[in-house]
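Structure, as structure tokens:
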Amino acid sequence: MLIRHSILLIALASILAYSVAGAANGQLSKEEIQNAFDLYARHQYAAATASFERLIQKSPSARLCYCAALANKASGKEARAKQLFQHVISNYPNSQEASSSKQALLQASAHMQEGAPDLPDTVKSVLTPEMQALLKTPAGQQALKQYMQENSGKVEAIRKAEKSGLLTKDSVKSLTASAVATAGTPGKSDHPFTAADIARDGAGGIDQSRYPNCWFEASMSALAQLPRGQRLLASVIRSSDSHGYVVRFPNDGVEYLITQKDLETNGIKDNALWASIIECAQLHKFPNNQGASGADNDQSRLEVGLGCITGCKAEILYPAHSSVEELSSFIGAAVKSQNPIVAGTLPLPYLAGLPIIVFPTHAYTIIDLDPSKNMITLRNPHGHRSRRFELKSDPQHLDFEQLDNGILKMSIPAFQKYFHSVARSFI
51 MLIRHSILLI
61 ALASILAYSV
71 AGAANGQLSK
81 EEIQNAFDLY
91 ARHQYAAATA
101 SFERLIQKSP
111 SARLCYCAAL
121 ANKASGKEAR
131 AKQLFQHVIS
141 NYPNSQEASS
151 SKQALLQASA
161 HMQEGAPDLP
171 DTVKSVLTPE
181 MQALLKTPAG
191 QQALKQYMQE
201 NSGKVEAIRK
211 AEKSGLLTKD
221 SVKSLTASAV
231 ATAGTPGKSD
241 HPFTAADIAR
251 DGAGGIDQSR
261 YPNCWFEASM
271 SALAQLPRGQ
281 RLLASVIRSS
291 DSHGYVVRFP
301 NDGVEYLITQ
311 KDLETNGIKD
321 NALWASIIEC
331 AQLHKFPNNQ
341 GASGADNDQS
351 RLEVGLGCIT
361 GCKAEILYPA
371 HSSVEELSSF
381 IGAAVKSQNP
391 IVAGTLPLPY
401 LAGLPIIVFP
411 THAYTIIDLD
421 PSKNMITLRN
431 PHGHRSRRFE
441 LKSDPQHLDF
451 EQLDNGILKM
461 SIPAFQKYFH
471 SVARSFI
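Residue numbers (the numbering used here): 51 to 477.
The structure is reproduced here in structure tokens:
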């Protein structure tokens, strides 16, 4: 996000401390009131809303009704928040809370209409010049507008704290300067990609192209679709002072420097930049696939690929030598526990006499298993470049169904005929 949550938290803590200090009420215990504010401070907005609602049912006051409105707004209950703001204005017209409620309603209306929303002064004071310039661009203004609409309760809390004198530019700047500088200056983060970035692209960020490294790309695709895998992929890439990236695979003491020139020279063009960077590092680690079968040439490439990117030894199962139940259990356990699992097809001579519905000697990512139908969902790391296959003898798709972007479904009995091995690892 454009604005660090830490700024909002500091402001929120200040306003809550101020409110609690003067919140004594004859019919309510300090504990009840403190609990409501504590819930708000811990971002438990739904619970805070319920707590404030109980308080104002017992003994309404301008301050508690106003805080209940803020809690409702922060938890997304805009209509109820507006109702409470109006209640404060109507029933406590001479209170400071009535003035603040009017301001909240006006600002909410203005933020919906204006194309260039404005930040509280204390927030603007800690932004770098580069960040302030970015916020003046159409894209920056649109992103800021969306953020302020989604976090209007927090922004209003900051504005009230400013008005009450509880927040000053100097106090916020001293507490948050380092955090804001890191967030607002491109390239300062040690890890340029977050798990959320990886999740946004998922396996679709990976499209194998010119290199015969499906054994690695399928494994990277497996991690890209899993929450723990997304965090792991984000962690292996760091920014480099030499205007590039450093990739270090788990349990690997070697660091691979990747520059934009490397990507261009090697012609690596995955859909996502993070995927291209990691693939380029793999090419450095395994030039021309040297070592892809292990140091002694006695390992499956699936095993090596999963081991490289997860840092954990992989387990191998051979479909032709396993029962349907064994294969289903092996795959199902990985899918259920959200651990990466990949599979490799047989060479072309072993597929003689079978309809060609997969690439021979090729690795696929296993995405899902439907045990009720005995169907496995897989992804070809070629992604949107994948060739489409059709099994004309199976119009009802009981054994095979080709979907978009390299996705296909295959029955377990058919899988046993076409696939040589399955490898799973743990993250």
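C-beta atoms are modelled at their ideal positions from N, C-alpha and C, and glycine is treated no differently.
>> Could you tell me the alpha carbon to alpha carbon distance between Arg209 and Gln94, rounded to whole angstroms?
In response: To locate residue 209, count along the sequence shown from 1; it is residue 159. To locate residue 94, count along the sequence shown from 1; it is residue 44. Going from the Cα of Arg209 to the Cα of Gln94 covers about 21 Å.
> Under the three-state reduction of DSSP, which class applies to Ser443: helix, strand or coil?
Replying inline: Counted from its first residue, the sequence shown places residue 443 at position 393. Correct three-state label for Ser443: coil.
>> For Asn144, count the other beta carbons within 10 Å of its own beta carbon; 16 or more makes it buried, fewer makes it exposed. Which is it?
In response: Working through the sequence shown from its first residue, we reach residue 144 at position 94. When all chains shown are included, Asn144 counts as exposed.
> Are Gly317 and Arg260 closer than 7 Å when you measure CB to CB?
Replying inline: Mapped onto the sequence shown, residue 317 falls at position 267. Mapped onto the sequence shown, residue 260 falls at position 210. Less than 7 Å separates the beta-carbon of Gly317 from that of Arg260.
>> Tell me the rounded alpha-carbon separation between Asn422 and Ser378.
In response: On the sequence shown, position 372 is the one that residue 422 refers to. On the sequence shown, position 328 is the one that residue 378 refers to. What sits at residue 422 in the sequence shown is Ser, not Asn. Cα-Cα distance, rounded: 11 Å.
> In chain order, what residues of the same chain have a beta carbon less than 7 Å from the beta carbon of Glu451, not counting five sequence neighbours either side?
Replying inline: Taking the sequence shown and counting its residues from 1, one reaches residue 451 at position 401. Once the five neighbours on either side are set aside, the close Cβ partners of Glu451 are Leu458, Lys459.
> Taking just the CA atoms, how far does Gln107 sit from Lys363?
Replying inline: Working through the sequence shown from its first residue, we reach residue 363 at position 313. Working through the sequence shown from its first residue, we reach residue 107 at position 57. Counting only the Cα atoms, Gln107 lies some 59 Å from Lys363.
> Which stretch, first to last residue, makes up the beta strand (DSSP E) that contains Tyr306?
Replying inline: Numbered from 1 along the sequence shown, position 256 holds the residue referred to as residue 306. In the DSSP assignment, Tyr306 falls within the beta strand (DSSP E) that extends over 306 to 308.
> Taking DSSP as the reference, what is the three-state secondary structure of Val472?
Replying inline: Locating residue 472 in the sequence shown gives position 422, where the first residue counts as 1. Three-state DSSP puts Val472 in a strand.
> When the Cα atoms are used, what is the spatial distance from Ala393 to His241?
Replying inline: Reading the sequence shown from its first residue, position 343 is the one you call residue 393. Reading the sequence shown from its first residue, position 191 is the one you call residue 241. Computed Cα separation, rounded: 31 Å.
> Is Ser271 helix, strand or coil when you go by DSSP?
Replying inline: On the sequence shown, residue 271 is found 221 positions in, with the first residue counted as 1. Secondary structure of Ser271 (DSSP, three-state): helix.
>> So, under 8 Å CB-CB, Pro390 and Ser475 are touching, yes? Tell me the CB distance rounded to an integer number of Å.
In response: On the sequence shown, position 340 is the one that residue 390 refers to. On the sequence shown, position 425 is the one that residue 475 refers to. With a Cβ gap of about 5 Å, Pro390 and Ser475 count as contacting.
> Is the beta carbon of Thr415 sitting closer than 7 Å to the one on Ser271?
Replying inline: Counting from one through the sequence shown, the residue named residue 415 turns up at place 365. Counting from one through the sequence shown, the residue named residue 271 turns up at place 221. Here Thr415 is near Ser271, since their CB atoms are less than 7 Å apart.
> To which residues of the same chain is Ser350 closer than 7 Å at the C-beta, ignoring the five residues directly before and after it?
Replying inline: Residue 350 sits at position 300 when you count from the first residue of the sequence shown. Annotation for Ser350: Ile366, Ser471, Ala473 place their beta carbon closer than 7 Å to its own, counting only its chain and skipping 5 residues before and after.
> What does a CB cutoff of less than 7 Å around Asp320 pick up in its chain, not counting 5 residues either side in sequence?
Replying inline: The sequence position of residue 320 within the sequence shown is 270, counting from 1. Sequence-distant Cβ neighbours of Asp320 in its own chain, meaning closer than 7 Å and more than five residues away, are Gly255, Ile256, Asp257, Ser326, Glu329.
> Between Gln157 and Gly126, what straight-line distance do the alpha-carbon atoms span, to the nearest angstrom?
Replying inline: Taking the sequence shown and counting its residues from 1, the one referred to as residue 157 is at position 107. Taking the sequence shown and counting its residues from 1, the one referred to as residue 126 is at position 76. Distance between Gln157 and Gly126, taken at the CA atoms: about 16 Å.
> Which full runs of the beta strand (DSSP E) of 3+ residues lie inside the region 335 to 412, going along the chain?
Replying inline: The qualifying runs are 365 to 367, 391 to 395.
> Where Gln280 and Cys264 are concerned, what is the direct C-alpha to C-alpha distance, given to the nearest angstrom?
Replying inline: For the purposes of this step, residue 280 is identified with residue 230 of the sequence shown, where counting begins at 1. For the purposes of this step, residue 264 is identified with residue 214 of the sequence shown, where counting begins at 1. Whole-angstrom Cα-Cα distance: 19 Å.
>> What does the alpha-carbon distance come out to for the pair Asp171 and Gln153?
In response: Translated into the one-based positions of the sequence shown, residue 171 becomes position 121. Translated into the one-based positions of the sequence shown, residue 153 becomes position 103. About 16 Å.
> Tell me which same chain residues have a C-beta within less than 8 Å of the C-beta of Val304, skipping the five on either side of it?
Replying inline: Locating residue 304 in the sequence shown gives position 254, where the first residue counts as 1. Scanning its chain for C-beta atoms nearer than 8 Å, with the 5 sequence neighbours on each side dropped, one finds around Val304 the residues Arg298, Lys335, in chain order.
> Would DSSP call Gly294 helix, strand or coil?
Replying inline: By 1-based counting over the sequence shown, the position of residue 294 is 244. It is a strand residue.
> How close, in whole Å, do the beta carbons of Leu419 and Gly382 come, if the pair is a contact with beta carbons under 8 Å?
Replying inline: Here residue 419 refers to the residue found at position 369 when the sequence shown is read from its first residue. Here residue 382 refers to the residue found at position 332 when the sequence shown is read from its first residue. Their Cβ separation, rounded to whole angstroms, is 5 Å, which keeps Leu419 and Gly382 in contact under 8 Å.
> If you check the beta carbons only, do Ala118 and Phe102 fall under 7 Å apart?
Replying inline: Counting from 1 along the sequence shown, the entry for residue 118 is found at position 68. Counting from 1 along the sequence shown, the entry for residue 102 is found at position 52. Cβ distance < 7 Å, so Ala118 and Phe102 count as in contact.
> Do you know offhand how far Ala284's Cα is from Ala245's?
Replying inline: Counting from one through the sequence shown, the residue named residue 284 turns up at place 234. Counting from one through the sequence shown, the residue named residue 245 turns up at place 195. In a straight line, the C-alpha of Ala284 is about 6 Å away from that of Ala245.
> Ordered along the chain, which non-local residues of its own chain (more than five positions away) have a Cβ less than 7 Å from that of Ala98?
Replying inline: Walking along the sequence shown from the start, residue 98 turns up at place 48. Apart from sequence neighbours up to five positions away, the residues of its chain that approach Ala98 with a beta-carbon distance below 7 Å are Ala86, Leu89, Tyr90, Ala121, ordered along the chain.
> Candidates Asn338, Ser373, Ser109: which alpha carbon is nearest Ile462's?
Replying inline: Indexing the sequence shown from 1 puts residue 462 at position 412. Of Asn338, Ser373, Ser109, the residue nearest in Cα terms is Ser373.
> Hey, Ser289 and Leu307 are a contact pair by Cβ (cut 8 Å); roughly how many whole angstroms apart?
Replying inline: Reading the sequence shown from its first residue, position 239 is the one you call residue 289. Reading the sequence shown from its first residue, position 257 is the one you call residue 307. Contact doesn't hold; Cβ gap of about 11 Å is too wide.
> Using DSSP with H/G/I as helix, E/B as strand and the rest coil, what is Ile462?
Replying inline: As a position in the sequence shown, residue 462 is number 412, starting the count at 1. Assigned with DSSP and collapsed to three states, Ile462 falls in helix.
>> Between the alpha carbons of Lys287 and Asn301, how many angstroms are there, rounded?
In response: The sequence position of residue 287 within the sequence shown is 237, counting from 1. The sequence position of residue 301 within the sequence shown is 251, counting from 1. Correcting the residue type first, residue 287 is Ile in the shown sequence and not Lys. Between Ile287 and Asn301, the alpha-carbon positions lie close to 14 Å from each other.
>> So the candidates are Leu404, Gln136, His434, Asn430; which of them puts its Cα closest to the Cα of Lys467?
In response: As a first step, residue 467 must be located in the sequence shown, where it is residue number 417. The residue with the shortest Cα to Cα distance from Lys467 is Leu404.
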